[in-house]
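**Q**
Chains as they are written, first to last, in this note's numbering: chain A, 1 to 658; chain B, 659 to 771; chain C, 772 to 974.
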């Protein structure tokens, strides 16, 4: 009996590596500390009522961003482990198998569990406020999306300590990811972790699309929407068309592994190439999903901090929608070397290069917005300015990669690695940082410390170039991606050391940011204006942080930069100094619900059961999922009203006119 | 059952969904459009390529019939844009890209399997 | 931000109150379009892999058309009756509404019965899911549609219970509109299944 348990445990838990034991211990300690802390300070009820069951988009947004920052830490540690292993030729820091796991989880975590939630967090915090809405279209679904994402991410991360991590690359290509070559549970964790969070992403896409279409403030026509909202609109369009493809692809891979299917196997008529074809139909639009909101953020920031209106609004909108559309026509450039023939490669090479045109339009629009502006270099603007050169270099190397014949040389080399890190860090991460610094006061009511932010900024930027510029050269020298080590005689040693130094500089930058957040929280100065940046759009017309109902009075809009125009009119004396006392009305609010977290937990249980082929557990989980659906369908809670007097009181105290 | 066939008013404007007449027309058209390809295929009346044409054209026509007579895509609320139609067209375009693109890309890769 | 602006270009300006049923209808419509993409991807997989029979049977060898034709007309009729249910609802007749829903439900269940029967026969004859790439993609494509219909049946049952308890109100009306849209959609998907999988398979 005891032997059996020992046997089971040694297979169930990941064993044999001191690094993992260390991580196990720290995870266990942190978990115990959190539980003990919550119990000691009697915060369980508070946590449940105010956060876990909330349907308030602002709180959900904060939870997304928090999760994203934690995941950035995890993915960043993965990156540093890889760079450490590659610092010196023939270094023995990670086993090759462990190295495979680390690069797989690094990619998955960074794209799906860092960039995506960071983006959704900003969607949630900003979009309803920017369009003058009380909440998103489906607040309950919004909470469900978050918990599906969170528990999907947790399921994926569980593979670190239980069962073993996936190790077939971030997109899990068959045949390597098939049962035959990868019998452990790692790939199942991959499939279910992404599948569960993917359903959440799809729901978010639908939710924000309906929100933007239907819930804009009176007078805000589509062509008067703020640029960030436009970018979210374009992103949601891509999400709803791309994510179902991911769902199907992963489901088919799972059927291969679980039920003996022959979609992507080497025998039985399966075709692994079909998987590669399908996954990139999602994968390529996915990179536009994460970059477009960053474009939206830059557009907001650049106009506010240049104290000008955005240059070329209409061309921005068209460029964004063209990118969204063309993004569905470029997927084959990820596998030019697959052998689909010259006509296929020619088509996809040209469509890929076409994307550079609308992107170039946007770059010029940002530059022209800055031209003759009175620029303030606050943190959001710093990141925006840093983005432009980084993204131009990344974009140009992208065009090089799009040249199909030349791609046979670059394919899967460090040149490619350098390219996509340049656009994903220089574009996406810089963009989301700009957004985080810009909207942080709206989320929490205080600014993040400027000095620490600048230290972090410079460490990030210098580290970024030191890390990735050498990688272009390494790629041209023949270093391929996913190699766990290399020999002295390759001559790759010096550049790899430089690259590793750069990676550590970015690690230091992240530590600065962590300190920055803690420091700013401790020494926070309450923002009483609600409009700390002298901004242009509706979210800055309400107090920071926003009250739970957002707008006491639904605003009416007649221009693209409503707050900016209002301030100008006020300054010109065209508006009365003080508005007449508004007449408040009761505000309808949706009720909190515990179903989303329970629903997602059942999904987690089902995923865990499938991962280990424990059918009873999977069935139990799915039954729970169904029960939650039934419970929701039968529930006819229609929310509640905040009485007008209470709104009046809250407004008066928040705006300091009590 | 309903005998006022053109008595289609609902609770309010947004819910006024079709009439009995439109459902019956849609139903009959759908049956006809199902029978045509069935007859063509089961009796081997044509060569493969024309048969595929007949099958696809009747399928698409039937889809259109259902969209108009069953799903009422023509209805709109007030003077708002037809978001549902736009989304549908874009969605169908993407499906076309997914299917035809896969076939095109995989033609060369399918050889030998 | 001018308060005096005209609000003509916006349908509802009742201080942030949006018709929840209207939102749900649009949201559900978009969900259906994501489902279109989902089926589109499965179709793409089927079309690419359906020649890969690995020495096993092809569609022409195993498809039994009589059952499939019966399924087709049953589902088509159920789509029609679900429309009649909506008509009854618009007239405010609860009993008639429930009656048509029950008819639709029975037809849907008959469809599922025939499909399960077809699958069982195939598996019994040794042409199961893991026989070849063709069989895997066939079972997945048709089975996913069947799963959708089954989910719809469960959902319809829930709605019948809710209707008999609460009658027709704004909430149940929205739900009936949504499920009837869903049901029509499943019928439309079946048309393409019939065409691409069965008719092109046996021709």
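Beta carbons are placed, not taken as given, at the ideal position from N, Cα and C, and that holds for glycine.
These numbers come from a predicted model, not from an experiment.
1) Would you mind working out which of 518/A, 104/A and 57/A sits nearest residue 207/A, comparing C-alpha positions?
2) Using a Cβ-Cβ cutoff of less than 7 angstroms, which residues in the same chain neighbour residue 205/A once the five nearest sequence positions on both sides are dropped?
3) When the Cα of residue 932/C is compared with those of 631/A, 284/A and 321/A, which residue comes out closest?
4) If contacts are defined as beta-carbon pairs under 8 angstroms, then residue 856/C and residue 846/C qualify, I think. What distance do you get, rounded to the angstrom?
5) Spell out the partners DSSP gives residue 413/A in its beta bridges.
6) Examine chain C for any beta-carbon lying closer than 7 angstroms to the beta-carbon of residue 599/A, and answer yes or no.
7) What does residue 972/C reach in chain A if we use C-beta pairs closer than 9 angstroms?
8) Do we get a CB-CB distance below 7 angstroms when we pair residue 670/B with the residues of chain C?
9) For residue 895/C, report the span of its beta strand (DSSP E) as first-last.
10) Taking DSSP as the reference, what is the three-state secondary structure of residue 642/A?
11) Could you list which residues in chain C have their beta carbon closer than 7 angstroms to that of residue 729/B, in chain order?
12) Taking the alpha carbon of residue 195/A as the point to measure from, which residue in 180/A, 150/A, 219/A and 473/A has its own alpha carbon closest?
13) To the nearest angstrom, how far is the alpha carbon of residue 19/A from that of residue 98/A?
14) For residue 215/A, which of helix, strand or coil comes out of DSSP?
15) Rounded to whole angstroms, what is the Cα-Cα separation between residue 660/B and residue 927/C?
16) Identify every residue that forms a DSSP beta bridge with residue 588/A.
17) What residue does the alpha helix (DSSP H) around residue 9/A start on, and which one ends it?
18) Could you name the residues of the same chain whose beta carbon sits closer than 8 angstroms to that of residue 161/A, not counting the 5 residues immediately before and after it, in chain order?
19) Could you tell me how far apart the beta carbons of residue 527/A and residue 544/A are, in whole angstroms, since I believe they sit closer than 8 angstroms?
20) Tell me whether residue 376/A is buried or exposed, calling it buried when 16 or more other Cβ atoms sit within 10 Å of its Cβ.
21) For the structure I just gave you, are there three or more beta carbon pairs, one from the segment 708-716 of chain B and one from the segment 941-948 of chain C, closer than 8 angstroms?
22) Can you give the Cα-Cα distance for residue 651/A and residue 643/A, rounded to whole angstroms?
23) Assuming residue 438/A contacts residue 533/A (C-beta within less than 8 angstroms), just tell me the rounded distance between them.
24) Helix, strand or coil: how does DSSP classify residue 131/A here?
25) Run through chain C and tell me which residues come within less than 7 angstroms of residue 711/B, C-beta to C-beta.
26) Pull up the DSSP beta-bridge partners for residue 947/C, would you.
27) Determine, for residue 328/A, whether the minimum Cβ-Cβ distance to residues of chain B falls below 7 angstroms.
28) Would residue 823/C count as contacting chain A if we go by Cβ distances under 7 angstroms?
29) Who pairs with residue 162/A in a beta bridge, going by DSSP?
30) Leaving aside the five residues before and after residue 820/C along the sequence, list all residues of the same chain whose C-beta is less than 7 angstroms from its C-beta, in chain order.
31) Note down, in chain order, every chain A residue with its Cβ under 8 angstroms from the Cβ of residue 683/B.
32) May I have a chain-ordered list of the alpha helix (DSSP H) segments no shorter than 4 residues that lie completely inside the segment 363-448 of chain A?
33) Thinking C-beta only, is residue 408/A closer than 7 angstroms to residue 480/A?
34) Quick one: does residue 344/A have its CB under 7 angstroms from some CB of chain B?
35) What are the residues of the segment 801-826 of chain C that lie near chain B, defined by any Cβ-Cβ distance shorter than 9 angstroms?
36) For residue 140/A and residue 55/A, which I take to be in contact (beta-carbon distance under 8 angstroms), what is that distance rounded to the nearest angstrom?
**A** According to the structure data:
1) Counted from its first residue, the first chain places residue 207/A at position 207. Sorting 518/A, 104/A and 57/A by C-alpha distance to the C-alpha of residue 207/A places 57/A at the top.
2) The sequence position of residue 205/A within the first chain is 205, counting from 1. Here the set comprises 236, 239, 240 and 243.
3) On the third chain, position 161 is the one that residue 932/C refers to. Nearest C-alpha to residue 932/C: 631/A.
4) Within the third chain, the letter at position 85 stands for residue 856/C. Within the third chain, the letter at position 75 stands for residue 846/C. In fact, because the Cβ distance is near 15 angstroms, the residues do not count as touching under 8 angstroms.
5) As a first step, residue 413/A is located in the first chain; it is residue number 413 there, counting from the start. Paired residue(s): 480/A.
6) Taking the first residue of the first chain as 1, we reach residue 599/A at position 599. Not one chain C Cβ lies under 7 angstroms of residue 599/A.
7) By 1-based counting over the third chain, the position of residue 972/C is 201. Ordered by position in chain A, no residue passes the 9 angstroms Cβ test against residue 972/C, which lies about 16 angstroms from the chain.
8) Translated into positions along the second chain, residue 670/B becomes position 12. Because the pLDDT of residue 670/B is 40, which lies under 50, any placement of that residue in the model is unreliable, and the number read from its coordinates should be weighed accordingly. At least 7 angstroms separates the CB of residue 670/B from every CB of chain C.
9) Sequence index remark: in the third chain, residue 895/C carries index 124 (1-based). For residue 895/C, there is no enclosing beta strand (DSSP E); the enclosing alpha helix (DSSP H) covers residues 865-895.
10) Taking the first residue of the first chain as 1, we reach residue 642/A at position 642. Strand at residue 642/A.
11) Counting from one through the second chain, the residue named residue 729/B turns up at place 71. The answer, in chain order, is 952 and 955.
12) Counted from its first residue, the first chain places residue 195/A at position 195. Answer by Cα proximity: 150/A.
13) Start at 1 with the first residue of the first chain, and residue 19/A comes out as number 19. Start at 1 with the first residue of the first chain, and residue 98/A comes out as number 98. Approximately 11 angstroms between the Cα atoms of the pair.
14) Position 215 of the first chain holds residue 215/A. Judged by DSSP in its simplified three-state form, residue 215/A adopts coil rather than helix or strand.
15) Here residue 660/B is taken as the residue at index 2 of the second chain, counted from 1. Here residue 927/C is taken as the residue at index 156 of the third chain, counted from 1. No answer about residue 660/B holds up, because its pLDDT of 37 lies below 50 and its placement is not dependable.
16) Counting from 1 along the first chain, the entry for residue 588/A is found at position 588. DSSP output for residue 588/A lists 641/A as bridge partner(s).
17) Indexing the first chain from 1 puts residue 9/A at position 9. Residues 2-12.
18) Along the first chain, one-based indexing puts residue 161/A at 161. So the list reads 13, 14, 20, 23, 24 and 27, once near-sequence residues are dropped.
19) Stepping through the first chain from its first residue, residue 527/A is reached at position 527. Stepping through the first chain from its first residue, residue 544/A is reached at position 544. Going by Cβ atoms, the distance from residue 527/A to residue 544/A rounds to 5 angstroms, so yes, they are a contact pair.
20) Counted from its first residue, the first chain places residue 376/A at position 376. Answer is exposed; the Cβ neighbour count stays below 16.
21) Here the segment 708-716 of chain B makes no contact with the segment 941-948 of chain C; the two share fewer than three CB pairs at distances below 8 angstroms.
22) Numbered from its first residue, the first chain carries residue 651/A at position 651. Numbered from its first residue, the first chain carries residue 643/A at position 643. Cα atoms of residue 651/A and residue 643/A: separation of roughly 13 angstroms, rounded to the nearest angstrom.
23) The sequence position of residue 438/A within the first chain is 438, counting from 1. The sequence position of residue 533/A within the first chain is 533, counting from 1. Between residue 438/A and residue 533/A the beta-carbon gap is near 7 angstroms, inside 8 angstroms, which marks them as a contact.
24) Indexing the first chain from 1 puts residue 131/A at position 131. Secondary structure of residue 131/A (DSSP, three-state): coil.
25) Taking the second chain and counting its residues from 1, the one referred to as residue 711/B is at position 53. For the C-beta of residue 711/B, not a single chain C residue is nearer than 7 angstroms; the gap to the nearest is close to 11 angstroms.
26) In the third chain, counting from the first residue as 1, residue 947/C sits at position 176. Note: residue 947/C sits in no beta bridge, so no partner.
27) For the purposes of this step, residue 328/A is identified with residue 328 of the first chain, where counting begins at 1. Residue 328/A counts as touching chain B.
28) Along the third chain, one-based indexing puts residue 823/C at 52. Yes, because at least one Cβ of chain A sits closer than 7 angstroms to the Cβ of residue 823/C.
29) By one-based count along the first chain, residue 162/A stands at place 162. BP columns for residue 162/A point to 13/A.
30) For the purposes of this step, residue 820/C is taken as the residue at position 49 of the third chain. The beta carbon of residue 820/C is closer than 7 angstroms to those of 904, 905 and 908 in its chain, skipping five residues each way along the sequence.
31) By one-based count along the second chain, residue 683/B stands at place 25. Correct list: empty, because the minimum Cβ distance to chain A is about 31 angstroms.
32) For secondary structure counted as the alpha helix (DSSP H) over 4 or more consecutive residues, the segment 363-448 of chain A holds these complete runs in sequence order: 379-402, 404-410, 414-423 and 430-444.
33) Along the first chain, one-based indexing puts residue 480/A at 480. Along the first chain, one-based indexing puts residue 408/A at 408. No. Outside cutoff.
34) Here residue 344/A is taken as the residue at index 344 of the first chain, counted from 1. Yes, because at least one Cβ of chain B sits closer than 7 angstroms to the Cβ of residue 344/A.
35) Residues passing the 9 angstroms Cβ filter: 801, 803, 804, 805, 807, 808, 810, 811, 812, 814, 815, 816, 818, 819, 820, 822, 823 and 825.
36) The residue given as residue 140/A occupies position 140 in the first chain. The residue given as residue 55/A occupies position 55 in the first chain. That belief holds up - the Cβ atoms of residue 140/A and residue 55/A are roughly 6 angstroms apart, short of 8 angstroms.
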